[in-house]
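In the working numbering, the protein residues as written are 6 to 254.
Every residue gets a Cβ at the ideal spot worked out from N, C-alpha and C, and that includes glycine.
Working notes, beginning with the structure itself.
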Ligand code: NAP
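Given below as structure tokens:
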């Protein structure tokens with residue numbers, strides 16, 4: 006990996022689409038050398054070529070993949086824990102264990118693995134930043150969403166715990182908790198069912214990935230003594246995880 010010695014390095018997990026992709030573009034425009042990770046390497050490579058970054062295959066649910074990804078990085082100043090998502094929308098009485106496993110492996114254990122492996126490099130940078138993209142689902146429970154809300158709560162508690170454990174180290178931690186953002190999120194949640202996915206955003210003006218990327222860019226460009234701890238961001242049309250103002254004709 007060729008990175009100029011005076012470049013600051015930002016790592017973005019889950020950068021092959023949505024919030025991660027937009028964040029990679031924003032951080033690159035701010036001058037970071039951005040290392041993008043996800044499973045779909047073809048998309049990542051295209052993005053890395055456009056932004057002058059580095060594409061590396063990453064499956065956060067696979068220990069060996071995380072080890073290979075994190076070991077090869079010469080330095081890390083910023084880590085964006087973004088890889089994640091939801092599978093299904095079912096009441097607890099009909100919970101699908103494989104969906105729960107996917108959500109916990111990806112959002113919780115995945116964030117743990119990558120973060121744990123990169124903390125020494127973030128500390129060594131002298132001015133590290135960890136941003137974890139949780140969700141309003143990390144603050145609220147909603148019907149049929151327990152697999153996702155429990156995973157996002159756990160991911161958030163992992164992140165918030167580090168805020169205390171890393172106190173005294175040169176590492177800032179920011180949790181970003183978005184409401185509805187129109188990305189591939191719902192398409193993944195509903196196994197490619199486009200009609201069902203589109204219904205999530207019907208009659209509202211949702212956030213877009215760029216909205217979140219700009220917030221992350223703002224966080225990453227604060228002076229090093231300023232730690233934006235938690236940011237909850239929702240569309241104007243959303244009051245809580247399950248409460249929307251929808252315009253229907
Ligand atoms: P998205 O468009 O589906 O993007 C998800 C990203 O995660 C993709 O790049 C995907 O890449 C990556 N990913 C999934 N499993 C992975 C794995 N095992 N290893 C590595 N990367 C993996 O959805 P998004 O909305 O941008 O989601 C980004 C984050 O925001 C997620 O943590 C999500 O929970 C959170 N969030 C989303 C919303 C929303 O409404 N969209 C709201 C709140 C929070 P590959 O498939 O190529 O691996």
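In this model, residue 242 and residue 196 are separated by some 26 Å (Cα to Cα). The beta carbon of residue 140 sits closer than 7 Å to the beta carbons of 157, 182 and 183 from its chain, once the five residues preceding and following it are set aside; these are given in chain order.
Beta-carbon to beta-carbon, residue 19 and residue 38 are separated by about 18 Å, too far to satisfy the 8 Å threshold.
In this structure, residue 23 has its CB closer than 7 Å to one or more heavy atoms of ligand 1. Per DSSP, the unbroken beta strand (DSSP E) holding residue 177 starts and ends at 176-183. At least one heavy atom of ligand 1 sits closer than 7 Å to the Cβ of residue 190.
Between ligand 1 and the CB of residue 240, the shortest heavy atom gap is not smaller than 7 Å. Given a length threshold of 3 residues, each whole run of the beta strand (DSSP E) inside the stretch 111-172 is given here in chain order: 133-138.
When beta bridges are read from the DSSP output, residue 235 appears opposite 180.
Ligand 1 approaches residue 193 closely enough that one of its heavy atoms is under 7 Å from the residue's Cβ. Contact between the stretch 146-163 and the stretch 77-97 is present, with at least three C-beta pairs closer than 8 Å. At least one heavy atom of ligand 1 sits closer than 7 Å to the Cβ of residue 64. Rounded to the nearest whole angstrom, the C-alpha separation of residue 13 and residue 127 is 11 Å. The three-state reading of DSSP puts residue 102 in helix, counting H, G and I together. Proximity of the beta carbon of residue 138 to ligand 1 is indicated: a heavy atom of the ligand is located closer than 7 Å.
In this structure, DSSP gives residue 215 a helical state, which the three-state scheme calls helix.
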